[in-house]
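Residue numbers (numbering that gives the first Met the number 0), protein chains in the order written: chain A, 0 to 122; chain B, 0 to 122; chain C, 0 to 138; chain D, 0 to 138.
Beta carbons are placed, not taken as given, at the ideal position from N, Cα and C, and that holds for glycine.
Working notes, structure below.
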Amino acid sequence: MSELTVETRDLEQVTLVYPRGFINAHTVRLFEGELRRLVEQRRLRIVLNCADLAYIASAGLGAILGSIEEIREQGGDLRLSELNPTVRGIFEMLGFDRLYRIYASEWEAVSSFAATEGGAGTA
Amino acid sequence: MSELTVETRDLEQVTLVYPRGFINAHTVRLFEGELRRLVEQRRLRIVLNCADLAYIASAGLGAILGSIEEIREQGGDLRLSELNPTVRGIFEMLGFDRLYRIYASEWEAVSSFAATEGGAGTA
Amino acid sequence: MSAPLVRVSFPSQTRLLGLVRGVVTEVALQAGLEREPAEQVALAAEEAATNVIEHAYAGVSDGPVELRVDITPGELVIELLDQGREVDPRAVPRVDLERYQRERRRGGLGLHLMGRIMDGVAFSRREGCNVCRLTRRLP
Amino acid sequence: MSAPLVRVSFPSQTRLLGLVRGVVTEVALQAGLEREPAEQVALAAEEAATNVIEHAYAGVSDGPVELRVDITPGELVIELLDQGREVDPRAVPRVDLERYQRERRRGGLGLHLMGRIMDGVAFSRREGCNVCRLTRRLP
Ligand SMILES: Nc1ncnc2c1ncn2[C@@H]1O[C@H](COP(=O)(O)OP(=O)(O)O)[C@@H](O)[C@H]1O
Ligand SMILES: Nc1ncnc2c1ncn2[C@@H]1O[C@H](COP(=O)(O)OP(=O)(O)O)[C@@H](O)[C@H]1O
Numbered sequence: 000m001s002e003l004t005v006e007t008r009d010l011e012q013v014t015l016v017y018p019r020g021f022i023n024a025h026t027v028r029l030f031e032g033e034l035r036r037l038v039e040q041r042r043l044r045i046v047l048n049c050a051d052l053a054y055i056a057s058a059g060l061g062a063i064l065g066s067i068e069e070i071r072e073q074g075g076d077l078r079l080s081e082l083n084p085t086v087r088g089i090f091e092m093l094g095f096d097r098l099y100r101i102y103a104s105e106w107e108a109v110s111s112f113a114a115t116e117g118g119a120g121t122a
Numbered sequence: 000m001s002e003l004t005v006e007t008r009d010l011e012q013v014t015l016v017y018p019r020g021f022i023n024a025h026t027v028r029l030f031e032g033e034l035r036r037l038v039e040q041r042r043l044r045i046v047l048n049c050a051d052l053a054y055i056a057s058a059g060l061g062a063i064l065g066s067i068e069e070i071r072e073q074g075g076d077l078r079l080s081e082l083n084p085t086v087r088g089i090f091e092m093l094g095f096d097r098l099y100r101i102y103a104s105e106w107e108a109v110s111s112f113a114a115t116e117g118g119a120g121t122a
Numbered sequence: 000m001s002a003p004l005v006r007v008s009f010p011s012q013t014r015l016l017g018l019v020r021g022v023v024t025e026v027a028l029q030a031g032l033e034r035e036p037a038e039q040v041a042l043a044a045e046e047a048a049t050n051v052i053e054h055a056y057a058g059v060s061d062g063p064v065e066l067r068v069d070i071t072p073g074e075l076v077i078e079l080l081d082q083g084r085e086v087d088p089r090a091v092p093r094v095d096l097e098r099y100q101r102e103r104r105r106g107g108l109g110l111h112l113m114g115r116i117m118d119g120v121a122f123s124r125r126e127g128c129n130v131c132r133l134t135r136r137l138p
Numbered sequence: 000m001s002a003p004l005v006r007v008s009f010p011s012q013t014r015l016l017g018l019v020r021g022v023v024t025e026v027a028l029q030a031g032l033e034r035e036p037a038e039q040v041a042l043a044a045e046e047a048a049t050n051v052i053e054h055a056y057a058g059v060s061d062g063p064v065e066l067r068v069d070i071t072p073g074e075l076v077i078e079l080l081d082q083g084r085e086v087d088p089r090a091v092p093r094v095d096l097e098r099y100q101r102e103r104r105r106g107g108l109g110l111h112l113m114g115r116i117m118d119g120v121a122f123s124r125r126e127g128c129n130v131c132r133l134t135r136r137l138p
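This is the structure we're talking about:
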């Protein structure tokens, strides 16, 4: 059984990240490793498509928080799309919706990078 | 929370039954009651659409077995459609696929009654 | 099973059958079973728990039930323990589906399912408890 | 909580966090919560269990953990008990998200989430165990 898989795909200048399963203390290393790899490879325009993310615990939220500053300092951003209601609720509960741009569709999240030319900074 | 709901809908001469949730020892009375009501109302051409049936335990299988003979004696039949893999596996494990006609789609199950003119008997 | 991986205690109420199912599915997945066999094994455990509630405790809603799930090197082991009516597993009938249907009988399907799904189904007594032990070989 | 509805014993392994989540979701639904709040409460319980595994038992993979879930007339009560390192809940930091992000700190989010989701979060000692008690009012 795989509790978490993380696929990535490049679309023009943007890297799409697809976590499938759940991100908690048990699976967070895999997720964190993927984010770190993207930063090292300077693939800094990131869309985290959460369509197949069943849930995220604080460990996963910490991994996002822990990489965002570095991504933004280098002119990139991490944006999110397609959060299910439970995941969206958790994001809002922690005020993450003020720190990150969240889009209903992957397409909107990807396009948002074109609109802002690089896309640093919060919404 | 509703663990099981059972909706019914008449389509021409056929009654569609939509169990939503799961049928086990805890919820079987509701399901059994619906089947009994259909028999009393002589709505005897029944399609059990299992698209939203998450799982069925032996209590639910017993309820089907317990009503089928009466339905068939009166010239009707109970046929099934859209079983998920887990439910289908359970049916096959018990040999229910030899006792009941199972269709991939609701449409095929409904049409099968037209084809057999009433539709008594096993497949 | 001296110290099983997971032990769950609950009263003999059918509304808690979903809990048995959920716990066993989760541990079965951890043991390396795929989703579908894991759900089948969970069904077998649910059938065993249903029997405890409906037969061993017939009608009592606060009979203590214990579910134990363990992952051993080659096997997933599930035990259900109760302090209800003593079971004589030899008294338990075999199922003939066609006859079953003809005679409008009820019952017997649960044990049949347990036998089809599991590699081992054994009933015994241990320290005043009924024990139903289900085993499934792991891939 | 003398005799909780459901009691689950398991060792301090993160692979069993899904079990905590599943058990609590199931009982929360039985208690009358809708799917989304039930899943939030399950997350709070998972955070508490994560802390037990990562902090109270830091590194030990066979520390005994007990999850107790009870439905009382007005409340869903969840307790996590462990025999690990003693916790001083007053030592537990509050979170300032902006600062948190700026300083690349980790941790603190779990307790913050637990506090947002539950009506009550209390740490205590009972018979040599750490007890984390989470309560949520029922509709
Ligand atoms: N745990 C048990 N305690 C006592 N009797 C049992 C137990 N399990 C099974 N039985 C007996 O075996 C019969 C067949 O069980 P089962 O196949 O599960 O079907 P059902 O429970 O629907 O009757 C039951 O009707 C009951 O008489
Ligand atoms: N059960 C516990 N036992 C010991 N220390 C704990 C416990 N729970 C929390 N703590 C302390 O509180 C801090 C914050 O916990 P938390 O908000 O869950 O974030 P994290 O676990 O990610 O650090 C932890 O880093 C730890 O020092």
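Name, please, each residue of chain B whose Cβ falls closer than 9 Å to the Cβ of residue i.
i, result
"H111 (chain C)", "S57, M92 and L93"
"T49 (chain C)", "N23, A24, H25, A56, S57 and A58"
Which residues in chain A have a C-beta closer than 7 Å to the C-beta of residue i? List them in chain order.
i, result
"R115 (chain D)", "M92"
"E46 (chain D)", "A56 and S57"
First and last residue of the beta strand (DSSP E) that includes residue i?
i, result
"I55 (chain A)", "L52 to I55"
"E65 (chain D)", "P63 to I70"
"D96 (chain A)", "Counting along the chain, D96 (chain A) falls outside any beta strand (DSSP E), though it belongs to the alpha helix (DSSP H) covering F95 to L98."
"P119 (chain D)", "The sequence as given places Gly at residue 119 (chain D); Pro does not occur at that position. Its beta strand (DSSP E) spans residues G119 to R125."
"S8 (chain C)", "V5 to P10"
"V130 (chain D)", "C128 to R136"
Could you work out which residues of chain C lie near residue i, taking near to mean beta carbons separated by less than 8 Å?
i, result
"E126 (chain D)", "Within 8 Å Cβ-Cβ: nothing; E126 (chain D) doesn't reach chain C, min ~18 Å."
"G88 (chain B)", "E35 and Q39"
"V22 (chain D)", "V7, L18, G21 and V22"
Tell me where the alpha helix (DSSP H) around residue i begins and ends.
i, result
"G114 (chain C)", "L108 to I116"
"T24 (chain D)", "L16 to Q29"
"T85 (chain A)", "P84 to M92"
"R84 (chain D)", "First-last for R84 (chain D): undefined, no H or E at that position."
"L42 (chain C)", "R34 to N50"
What whole-angstrom Cβ distance do residue i and residue j have, given they're in contact under 8 Å?
i, j, result
"E69 (chain A)", "V38 (chain A)", "6 Å"
"L29 (chain B)", "V5 (chain B)", "6 Å"
"V19 (chain C)", "L66 (chain C)", "6 Å"
"G127 (chain C)", "N50 (chain C)", "So it is not a contact: roughly 18 Å between Cβ atoms."
"A108 (chain B)", "R78 (chain B)", "5 Å"
"P10 (chain D)", "V76 (chain D)", "Actually they are not in contact, since the Cβ atoms of P10 (chain D) and V76 (chain D) sit about 23 Å apart, beyond 8 Å."
"E45 (chain C)", "N23 (chain B)", "6 Å"
"L79 (chain C)", "A47 (chain C)", "5 Å"
"L60 (chain B)", "F21 (chain B)", "Incorrect: roughly 13 Å between the Cβ atoms, too far for contact."
"I123 (chain A)", "I89 (chain A)", "As displayed, chain A neither begins before 0 nor continues past 122, which places residue 123 (chain A) out of reach and without an answer."
"R84 (chain D)", "A41 (chain D)", "In fact, because the Cβ distance is near 25 Å, the residues do not count as touching under 8 Å."
"L4 (chain D)", "I70 (chain D)", "6 Å"
Is residue i near ligand 1, with its Cβ less than 7 Å from a heavy atom?
i, result
"E31 (chain B)", "no"
"R84 (chain C)", "yes"
"N129 (chain C)", "yes"
"G119 (chain C)", "no"
"G107 (chain C)", "yes"
"L50 (chain C)", "Per the sequence presented here, residue 50 (chain C) reads as Asn, with Leu not at that position. Checking every heavy atom of ligand 1 against the Cβ of N50 (chain C), one is found closer than 7 Å."
"A55 (chain C)", "yes"
"S123 (chain C)", "no"
Kindly list, in the order they appear in chain C, the residues whose Cβ is closer than 7 Å to that of residue i.
i, result
"E38 (chain D)", "The premise fails here: E38 (chain D) is roughly 13 Å from chain C at the closest Cβ pair, so nothing lies under 7 Å."
"L60 (chain B)", "L108"
"Q29 (chain D)", "R14"
Return yes when the C-beta of residue i is under 7 Å from any heavy atom of ligand 2, and no when it is not.
i, result
"H25 (chain B)", "no"
"S66 (chain A)", "no"
"G61 (chain A)", "yes"
"L16 (chain D)", "no"
"E46 (chain D)", "yes"
"H111 (chain D)", "yes"
Closer than 9 Å by beta-carbon distance: list the chain C residues that pair up with residue i, in chain order.
i, result
"T85 (chain B)", "R34, E35, E38, Q39 and L42"
Find the residues of chain F that neighbour residue i, judging by a C-beta separation of less than 7 Å, and give them in chain order.
i, result
"E53 (chain D)", "Of the protein chains in this structure, namely A, B, C and D, none is chain F."
Taking residue i as the query, report the chain D residues whose CB atoms sit under 8 Å from its CB, ordered along the chain.
i, result
"V130 (chain C)", "Within chain D, no residue comes near V130 (chain C); the closest Cβ sits about 18 Å away, beyond 8 Å."
In chain D, what lies closer than 9 Å to residue i by C-beta?
i, result
"L4 (chain C)", "F9, P10, Q12 and L15"
Identify the contact partners of residue i in chain D, using a Cβ-Cβ distance below 7 Å as the criterion.
i, result
"E78 (chain C)", "Simply none; closest approach about 14 Å."
Length at least 4, wholly inside the stretch 2–48 of chain B: the alpha helix (DSSP H) runs in chain order: 27–39
Ordered list of alpha helix (DSSP H) runs contained in the stretch 59–83 of chain B, each at least 4 residues: none
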